Every structure is written in C-alpha cells, then in structure tokens.
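Participant: Chains as they are written, first to last, in the numbering used here: chain F, 893 to 1259; chain R, 893 to 1259; chain S, 893 to 1259.
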Amino acid sequence: MDLGDVPNDQTWPRNAWYVAFMADEVVDRPLARTICGERMVFFRGQNGEVSALDDFCPHRGAPLSLGFVRDGALVCGYHGLAVDCRGKVSGMPGQRVGGFPPARRYPTMERYGFIWVWPGNAEAADAALLRHLEWAESPQWAYGGGYYHIDCDYRLMIDNLMDLTHETYVHANSIGQKEIDEAPVKTRATEDEVVTSRFMDNVVAPPFWQMALRGAGLPDQDRVDRWQICRFGLPSHVMIEVGVALQGHGGYDADDTAKASSIVVDFITPETETSHHYFWGMARRFAVDDAALTDTIREGQGKIFGEDLEMLERQQANLSRHPDRKLLKLNIDAGGVRSRMMIERAIMAESGSVASSDRAGLDMAAI
Amino acid sequence: MDLGDVPNDQTWPRNAWYVAFMADEVVDRPLARTICGERMVFFRGQNGEVSALDDFCPHRGAPLSLGFVRDGALVCGYHGLAVDCRGKVSGMPGQRVGGFPPARRYPTMERYGFIWVWPGNAEAADAALLRHLEWAESPQWAYGGGYYHIDCDYRLMIDNLMDLTHETYVHANSIGQKEIDEAPVKTRATEDEVVTSRFMDNVVAPPFWQMALRGAGLPDQDRVDRWQICRFGLPSHVMIEVGVALQGHGGYDADDTAKASSIVVDFITPETETSHHYFWGMARRFAVDDAALTDTIREGQGKIFGEDLEMLERQQANLSRHPDRKLLKLNIDAGGVRSRMMIERAIMAESGSVASSDRAGLDMAAI
Amino acid sequence: MDLGDVPNDQTWPRNAWYVAFMADEVVDRPLARTICGERMVFFRGQNGEVSALDDFCPHRGAPLSLGFVRDGALVCGYHGLAVDCRGKVSGMPGQRVGGFPPARRYPTMERYGFIWVWPGNAEAADAALLRHLEWAESPQWAYGGGYYHIDCDYRLMIDNLMDLTHETYVHANSIGQKEIDEAPVKTRATEDEVVTSRFMDNVVAPPFWQMALRGAGLPDQDRVDRWQICRFGLPSHVMIEVGVALQGHGGYDADDTAKASSIVVDFITPETETSHHYFWGMARRFAVDDAALTDTIREGQGKIFGEDLEMLERQQANLSRHPDRKLLKLNIDAGGVRSRMMIERAIMAESGSVASSDRAGLDMAAI
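Structure below.
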C-alpha cells in the first residue's frame, strides 16, 4: 500500500469509516473532496454504486473530477482515459491499456443516508466495523441535517461538542441558558465511547426547546428537566442525546408523552490538519411525520452551528499563531481530552506503536 | 517577562508608547489589533479605562476579542472565563480560578485623543515617557485625522515622510510642486529627533495651500514663501511643520496674520515586519472653530495619503522580491537614514548591545 | 551579467526571444510584466521604440512601472529619478547622477505585431534569431488573436497543444469530434522543430469548421478531409496548421478554392515556474478582408481556449500536490515529450552542460 503522501505525524486514524457526503449529494457528475489529506473523486458507476478514487488521472495528472461518467466508468475530461469503479483503467481511445497503472481506490459504502469512505488500507476495510445507527433506519425517528466546511483541526470540533458549556455563551439566544454552565458535568470513558453528561432540573426551556415542546404537542412555558448526554466514538462522531421533560415526570427517563427528545448527530471528517467537513443534523422521536418541522429544525440548527464556526476558525488561527502554548484542561474539558486520548490510541495502534499511557499522557499535555 | 514569540531580529523598539487606536474607536465592544507583532485585545473596563491584553483566552486559546465586557471584566465568548483589566482571571462558571494563568497585560494610556500601548516590558512603562503634544490640548489648535492600514514595513513610511521630495511626483495634483524637488534639503539630528527642513521662497501656492489661505482669510493667488520641517521622534512618529506665508512677511517666522500653517501629524505603528498602522492628521492654527474646514482638510489629506499607499505597498513588494539589493542613500534620503539609525540604537539599547557606530553603520548599509 | 535572482533549476531557456505583449497594448503608459521570473517594465521612449527594464528604481526600489514617460525617459513616480531607454540614469532633480547604477535593460524588438523580449544575456541578443513569420506580413493572410494569463507551468500548455486528442473531450462542442482520438498521430523531430500530425479523412466538419467553410464561400454540410499539423519551436511557440478540404480534392494538398485552412498561433511565455502568458490567435488564408469574420473567429477561439484554462490550472494544482509522481508518456504524448527534450537541451546548452541523451532521458522521465 502506497502511503507516500501521508505525513508521519498524522492526527487522525486512517483505517476507519468517515462520512464523505450526504448520499443525495452524489448524483450524475463526479465530485472531488479531500478526506484525511487525500484528494478523492466520488462518482456513481454501475447500478448507481458510489466509488471513490484518487482524483489524479494516471495519464497526465488531470483531476478525474473534471471528467464524466459513461457506461459506469469515469472518463477523464482531458484525453479520455476511462477507469472503472475499482480504479482499473478500462480503456482509452487508440491505446492498449493493459499495462496502465490504476488509480488508487478507496473503499466506500452507502448507508444511513451517507456515503462513507475508508481512507486507509483497503484490505482492512470491513463494512461490519460501521456502527449501527438506529435512528437512521427506524420509522420511529425523523432526521434532517446539513453540511459545513470549517477551517479548523477536526479535534477542536470534538472539544466543542464534548463540552456544551459553550452553549451559554456562543448560543445565548437559542439553546444557551445560564443553568448549563452552573450544572456539574460528568465524564466517563468505556472501551468504545467517551460520555459527558449534564442534567439541569427544574429550569425554563430555552427558545429551541420551547419550539420542540410545541412540536411534540406539549406546553412550552412549563418548567422542565433538561439533559445533554454527549457520546464520542471513533473515528470522529459525537452523538448527543438532548431533551426536556415536563418537570416532575422523571427527566431523562420520563415517558415519551411527557418529553421532547432527540439526538444531535455530528460526523466530523478531517480534510487537512487545519480543516474538516462537518455533517450535522438532528434525529428526533417526536412529530416524526412533520416534514415542515424537520425543515424548521434544520434551519434553526444550521444557524446555531454557524455560530460555532467563527469561534472555531478563529480559535484555530490563534493556536496556529502560538503552536507551543499550553492550554488548560478543566473538568469541563474532560470529554474532549478523553476523546483525543482515544483517537491517539487508535493512531498508535495503526502505526504499530504501543499505546503506553505515558506516551498518551505526554501527547495530551500538548493539546 | 515572556518574550517567547518575539523574533530575534526585531525591527522596532518594544519599550515605547505606540498609538493603537483613535480614542473614539474603542467603545463598548472589545477590539483586536496586532501591534509590534503581538495580537492584542483592547476594551474599556471599570470607569471606561482602556486595557490591552493578549488576545488569547488562557482556557482554550479562543480570541478574547470575540467576547464581551461585563461589570468591567472581559468575558470570553466561548466558555465564559472572565479576565479583569490587568489580565487576571476573575471568574469562570463552576471553576475555582485562583491558580489560572493570567492573560498577558500590555500597559495602556488614553491621552491626546489616542489610545497608547506599550508592547514591551510592562514594568518599564512610564507615562512620563510620552512626549507632550501641545496641539492636542490647546484651544489655539484644531485637529482632524484618520487611519490607514498599510502593507509595508513601517520604516518605509518614515522614509516617505522624512523626504517630501516625493510630493512633486506622488501628489502632483494637490500639494506637489516643481519647486519642492528643486529646493535643497537640510538634515540634522539631535539627541531625540531628526529634522529635515526645506524652504521654498516666492512660489505659487499649490491647490491645498490655496484652500488653507482662503480658510485663514488670506488671498490665495499671491506669491508665498513655503516651508516643510519634518521631525522624526522615537518610537515612530513624524510631525511636519508645514505652511505658507504671504511673500515678504518673514516666511516661517511671519506673524500669524500673514500665514497659514499647520502640523502634519503621523503616528506609524508597526503591525508586522511588512505592515503597519498609519494614523495621520493635521493640527492647524487657523480657523480653529471651523468644523467644516476640519472635515474638508481631513478629506483632502485622506486622498493625498491614499496616493502614498499604493506606492509604498508596491515598493514593499519589490523589496520583498529582492531582499538583498542595496538601495541608494542620497542627500534627500538622509532624514530616513538617520531616523532608522535612531531606531536601530533604541533596539540595541533594549537588547543590551552596545550601539557601536560600526554596527549601526553596517546595519544601515542594508536598508 | 548579474543572474543573482535566477534559480539554478530554471525550466526555460533565457537566451531567446519571447513575446511579452501584443504591440498595441504598449502605448503611452509604462506597463509591468514578469517574464521568465524577471519583473520588467515596458515603455515606449524616443521615436515610440519599446524598451524593457528591471521594474525596480535604483534609488529606493519603487516600481518604475508606477512612473511616467517624459521626453523619452521613464521617470520614477516616487522621487523623479529618470532612466533612458537603455536603463542609464539620465537625471534626477537636485542630484548628480553620473555614478548611479543603471536599471538592468532587457533587449526588445517590435515585430509581427508583438513586442519581443530577451530575458537572458543582453550581449547575445540577435534580431536575426527571431524566426520569420510569413502570415504576419503577407496580405494573403488575416490575423486575429488574444491573451490569457494561465496559472500553470508553460510546458503543460505545450503538452496541450502538441496533442490535440484533448479536443474530443475539452472542446466537444466546438472543434472536438470523435474521429480525432481515433485517428493515429505521428510525431517527428528535426533540428529545430517537433512536428505532430494527424489526418482525418471523410468526416463531418465540426461547428467551428462549418463556420470557416461558410466564411470561405464553401458548402458547410459536405464531408471533408481534416488535418492538424502541430509545430513546436524554441523557445516556446506552437504553430498548428489546421484545415478542412471538401472530400476528394486532395486534403491538405487541395487547391485553395476547395479548402478552408489556417494556422493556430500560440506563443507561450513563462512567467513563473507555475504560470505563463498565453498569446493565442489564428492566421487564415480565406476571406482575409472580412474584419467581422476576424472578430467572430477571435471570439470563438477565445471561448475554446478558455476551456483549456480550467483544465490546465487544475492539472497544475494536482501536479504541485504530488511533485514526485510519474506520469505516463503515450504515443499521443510524444509531441510534448520531444518538445520538452528540445527545451531541456537548450537550457543545458546555455549552462554549458553537455546535453547528453542520458541526462535528457532521465529528466524526461520526471515530467
């Protein structure tokens, strides 16, 4: 396997499934996207199946993404070299292509409404390694979401999502409220996830949740118990169980008829060392047939996550300006810190290094 | 004192007062500006006093300039860490902040209509070191000015202002006239300033000065004696006494009733090695109550200094392209050359080096 | 001769005539352009003759291109230093300029409707080395053309023009047709040119050629014999004989009354390692007095060459991203490969190296 272009000090696991596109984005034309530092071209070939190849024509280096799809093959728009869905050169006018080098192929999969890609060792790609997402398949859930390109290290986004204290400040007018940064936060890590949770009992619902309560057919001015349970998993997603229950009905464990709850869905795909693709959305268990509500939520969520964008990009600019400065790691940061340790261990496992806790500790000190 | 981020070959004195803002620019929201290579945030805290801190939250590196002021403290807009006007962390929701590292503070002062900042060693900051500016306090003077960001080494602006020969060319349609580059120029240096002077007797007043003569209630078509006396002082300002007197009344020494005179005010604050903040203005002793005239002059001066801007930025681009080329140092350049020597001695004094004339000579050969 | 700023690994011959401007672009104001890595200023001095100098004032490094022409001399717009057409400082107000260093001069020539410049050793410049261009002088030809700035290595443009297979793909809607990439291509090299030719007999004329046939007063729906003969010559032009003859009249050798033919003219002047100036045009032997047709052809050709632009710039971006990747060299690439070998030999001859075929072979393997 040729890893020639990969920097030694990579900051992401490579042998993992990453979201590359929302499935409906990839239609009849090839599309370019850089994932984990590798520039790829995605296209739908035979039977509409999506393939991902190195976006570099083996002939003269033109981007294959400027070409077109014909009979299931991707045809270079410069001189007509055609590659099949596995990257094999399948033809070129006037040429015998038997000995042509292939374009590198990246394993892909379409599932749960997304196109997933495996940037690392193709032989190791295994569909079974993709985590099951119940909300994406069950009729009991409705989903809506969107995409942002963000110019910061993808781990800053993980930090952001694993510590919702920032809602009080960054999202003061939508989901933020004073009680968030006053409520204690708990962090724990298991084998395969890091969980940060916060419970706020007997509070007034902020605007977003008032809207959700109305959507669920519940009174929007009553006091509620509110919760946020952030779950990080490899390689880089954060699923956040969020909700409010009418006060006194059991909070998180309340019956569905007394609460509005949902999962904030975040797939965070590295592009370069200082940029990433952010796929955000919300899966909800109330009013699942209300398409207009889906649109309203998507619009609201898009605005909220747009507020993070400026903060994160300027945080990145500050960190790039001062790469050697140490940052604080408070209790509220534990979710991000532990998620980074899990990432670090995965990277070391790929490179064959021993993931000694010493090493991890040293590395974490420099986040 | 932590000087970690400062390059060894700095091109500006650090222990000095620099203009950072016009005073009325800093109101209720924090503002970021890079001064002498340090990115700072300015805000008005308790009693409206202006503070400057490192624009980097001690918690996670977010820019403090994205935050807000509450009860005189600057609150980070990401997770709510608050710093007081001296950079001490004064609070954060749910945290004991006693052991938190402070944000670096830069001494500031509001005086003469400007916010001044001291980028160097805070202990050495002394308000008494700020030069007295009579025109800024006396009712006998009127002042108007503006700001430009210019992408060139601040010393190219000093060169520009210490050699007004360029007016004949760059400002041919406003203040330039043929007699400028024909009149000899004299340069002398004292302990604390470099002075370049030029006198043009019995000339026609160019358009700008015709306007000034009218503003002063004098005939604008009579022949005049004209003068320009440029004074450079550390760390980087140039005050230019300029004026015209009706011919035969004594020129520079003429009675106030026979002349129109003013001071061109230039504060030149380094931003990076190849950019600076330029605060320009004019203090005049005629028609001081005529606010409309102040606006007219500001507008005219803004246009004139905009003409320098393109020339200086493209000169910088040329010098960056050819960093090793030697430039000529003619008699007309003596003002800039001597000002740079004064700057060089100040830098060496800060670093503890002996300001040997040999060293200075060698360095000047490379301007 | 001072070659201080020239990189050792230059990718173009320097002792050669390059097109710098279309002649009518250089009028009364000085113009800057970077040619072969050297930033030059062009102006018309005494008798309207065009000169090219280093765009760097010997005084303080301001760009001379911001100045103006007076009495045949180029006057710097900063402080009035004047240089004559050979770069000698001819005057400056208040200065004795006898000992001033000159601005470097680059030999120039105006011929065939272009301004030509010699970026290398001025002593070696010889007007006789400029190739004769019959179409530019004879009344039997009409010419129209234009200019594009393109962000790619100039040799990628040579590759493009020496292999017209790409027309089938890049120019599918104008001059491309399926028969191009099906017709075999032949490449041969002589002492001073590389020739790639392709003949397509008994085909339907594509839209561009239908228009040309109409312009020549011939039927535009009859079947034709079509040809393309690409000729590369040093330092970097490609002249392409193109045309169609009514089928059965002898093809390329048909009588003028049975064909429409022209020369696609391409002057490709390096700017930097990854950008060039592209002067394109068409010289035709039919309807030479039809100025409206000249405009129509220019417009059509401009659109077609604009299609190449995106492909070439993105190919360059891909190659810059992967500088070590080997590309394929197929039979259709032979024209470009051999042209690059000719360029490589010229560069080695300039540097005094032996142009061993081994060396050339090694270098070509890395294109």
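Idealized CB from N, CA, C, for every residue including glycine.
Source: prediction; values computed, not measured.
Kindly identify the DSSP beta-bridge partner or partners of residue 1002 of chain F.
Facilitator: Looking at the DSSP assignment, residue 1002 of chain F forms a beta bridge with F:1007.
Participant: Below 6 Å CB to CB, which residues in the same chain sit around residue 967 of chain S once its five sequence neighbours on both sides are set aside?
Facilitator: Closer than 6 Å at Cβ, skipping near neighbours: 959, 960, 974.
Participant: Give me the Cα-Cα distance between residue 1089 of chain S and residue 1065 of chain S, rounded to the nearest whole angstrom.
Facilitator: Going by the C-alpha atoms only, they are around 22 Å apart.
Participant: Let me know if residue 1151 of chain F comes out buried or exposed under the rule of 16 or more other beta-carbons within 10 Å of its beta-carbon.
Facilitator: With 16 or more Cβ atoms within 10 Å of its Cβ, residue 1151 of chain F is classed as buried.
Participant: Can you check whether the CB of residue 979 of chain R is closer than 8 Å to the CB of residue 997 of chain R?
Facilitator: Cβ distance < 8 Å, so residue 997 of chain R and residue 979 of chain R count as in contact.
Participant: From the DSSP output, read off the bridge partner residues of residue 1162 of chain R.
Facilitator: The partner list for residue 1162 of chain R (beta bridge, DSSP) reads R:1168.
Participant: Determine, using beta carbons only, whether residue 1171 of chain R and residue 1037 of chain R come nearer to each other than 8 Å.
Facilitator: Against a cut-off of 8 Å, the Cβ pair of residue 1037 of chain R and residue 1171 of chain R comes out as a contact.
Participant: To the nearest angstrom, report how far apart residue 1091 of chain F and residue 1075 of chain F are at their CA atoms.
Facilitator: In a straight line, the C-alpha of residue 1091 of chain F is about 7 Å away from that of residue 1075 of chain F.
Participant: Quick check: what's the CA-CA separation for residue 1028 of chain S versus residue 1206 of chain R?
Facilitator: Near 37 Å, if we compare the C-alpha coordinates of residue 1206 of chain R and residue 1028 of chain S.
Participant: Identify whether residue 924 of chain R lies in helix, strand or coil by the three-state DSSP scheme.
Facilitator: Residue 924 of chain R: strand per DSSP, three-state reduction.
Participant: Residue 1203 of chain F touches chain R at which residues, Cβ-Cβ below 9 Å?
Facilitator: Within chain R, the residues near residue 1203 of chain F are 954, 955, 958, 969, 970.
Participant: Give me the chain S residues within the contact set of residue 1217 of chain R, using Cβ-Cβ distance strictly less than 8 Å, ordered along the chain.
Facilitator: Under the 8 Å cutoff, chain S gives 948, 953.
Participant: Residues in the stretch 1068-1088 of chain R with C-beta within 9 Å of chain S's C-beta atoms, listed in sequence order?
Facilitator: Result list: 1070, 1072, 1073, 1074, 1075, 1076, 1077.
Participant: What residue range does the beta strand (DSSP E) around residue 1133 of chain S cover?
Facilitator: Start and end: 1129-1138.
Participant: CA-CA distance, residue 1034 of chain S and residue 1224 of chain S?
Facilitator: Those two C-alpha atoms are separated by around 31 Å.
Participant: Rounded to a whole number of angstroms, what is the C-alpha to C-alpha distance between residue 1230 of chain F and residue 1132 of chain F?
Facilitator: Approximately 16 Å between the Cα atoms of the pair.
Participant: For the stretch 1133-1142 of chain R against the stretch 986-1006 of chain R, do three or more pairs of beta-carbon atoms, one drawn from each stretch, fall closer than 8 Å, so that the two count as touching?
Facilitator: Contact fails: fewer than three Cβ-Cβ distances are below 8 Å.
Participant: Using CA atoms only, rank isn't needed, just tell me which of R:923, R:901, R:954, R:950 is closest to residue 943 of chain R.
Facilitator: Among R:923, R:901, R:954, R:950, the Cα nearest to that of residue 943 of chain R belongs to R:923.
Participant: Using a Cβ-Cβ cutoff of 8 Å, what residues of the stretch 919-938 of chain S are near chain R? List them in chain order.
Facilitator: Here the close residues are 931.
Participant: Short of 6 Å in beta carbon distance, which residues of its chain neighbour residue 895 of chain F, apart from the five on each side in sequence? Order them along the chain.
Facilitator: Low per-residue confidence applies at residue 895 of chain F: pLDDT is 38, beneath 50, and the placement is therefore not dependable enough to give any value.
Participant: Can you grab the Cα-Cα spacing for the pair residue 1130 of chain S / residue 1116 of chain S, in whole Å?
Facilitator: Those two C-alpha atoms are separated by around 25 Å.
Participant: Look at the alpha carbon of residue 1060 of chain S and the alpha carbon of residue 1019 of chain F, and state the distance between them as a whole number of angstroms.
Facilitator: Whole-angstrom Cα-Cα distance: 40 Å.
Participant: Could you give the DSSP three-state label for residue 1046 of chain F: helix, strand or coil?
Facilitator: The answer is helix: DSSP assigns residue 1046 of chain F an H, G or I state.
Participant: Can you tell me the Cα-Cα spacing of residue 1072 of chain R and residue 1228 of chain R, whole angstroms?
Facilitator: Distance between the alpha carbons of residue 1072 of chain R and residue 1228 of chain R: 17 Å.
Participant: Please state whether DSSP places residue 1232 of chain S in a helix, a strand or coil.
Facilitator: In this structure, residue 1232 of chain S counts as helix in the three-state DSSP scheme.
Participant: Take residue 1043 of chain F and list the residues in its own chain whose beta-carbon comes closer than 7 Å to its own, dropping the five residues that flank it on each side.
Facilitator: The answer, listed in chain order, is 1166, 1167, 1205, 1208.
Participant: With a threshold of 6 Å on Cβ separation, who are the neighbours of residue 1001 of chain R within its own chain once the five nearest residues in sequence on each side are excluded?
Facilitator: For residue 1001 of chain R, where only same-chain residues beyond five positions count, the Cβ hits under 6 Å are 1008, 1019.
Participant: If the cut is a Cβ gap below 7 Å, which residues of chain R does residue 987 of chain S touch?
Facilitator: Per Cβ cutoff of 7 Å: 1222.
Participant: Taking residue 1056 of chain R as the query, report the chain S residues whose CB atoms sit under 9 Å from its CB, ordered along the chain.
Facilitator: Correct list: empty, because the minimum Cβ distance to chain S is about 10 Å.
Participant: Using the rule of at least 16 other Cβ atoms within 10 Å of the residue's Cβ for burial, across every protein chain shown, is residue 1015 of chain R buried or exposed?
Facilitator: Residue 1015 of chain R should be labelled exposed.
Participant: Along chain F, which residues have their Cβ under 7 Å away from the Cβ of residue 1171 of chain R?
Facilitator: Near residue 1171 of chain R there are no residues of chain F at all, since even the closest Cβ is about 25 Å away, more than 7 Å.
Participant: What would DSSP say about residue 1237 of chain F, mapped onto helix, strand or coil?
Facilitator: Correct three-state label for residue 1237 of chain F: helix.
Participant: Tell me whether the beta-carbon of residue 906 of chain R lies closer than 8 Å to the beta-carbon of residue 918 of chain R.
Facilitator: Contact flag unset, no.
Participant: Using the C-alpha atoms, what's the distance from residue 1067 of chain R back to residue 1104 of chain R?
Facilitator: Cα-Cα distance, rounded: 11 Å.
Participant: Within the continuous beta strand (DSSP E) that includes residue 1197 of chain R, where are the two ends?
Facilitator: Taken as a continuous stretch (DSSP letters only), residue 1197 of chain R belongs to no beta strand (DSSP E), being part of the alpha helix (DSSP H) at 1183-1213.
Participant: Suppose only complete runs of 4+ residues qualify. What are the alpha helix (DSSP H) ranges in the stretch 1054-1084 of chain R, listed by chain order?
Facilitator: Counting whole runs of 4 or more residues, the stretch 1054-1084 of chain R contains the alpha helix (DSSP H) stretches 1059-1062, 1070-1074.
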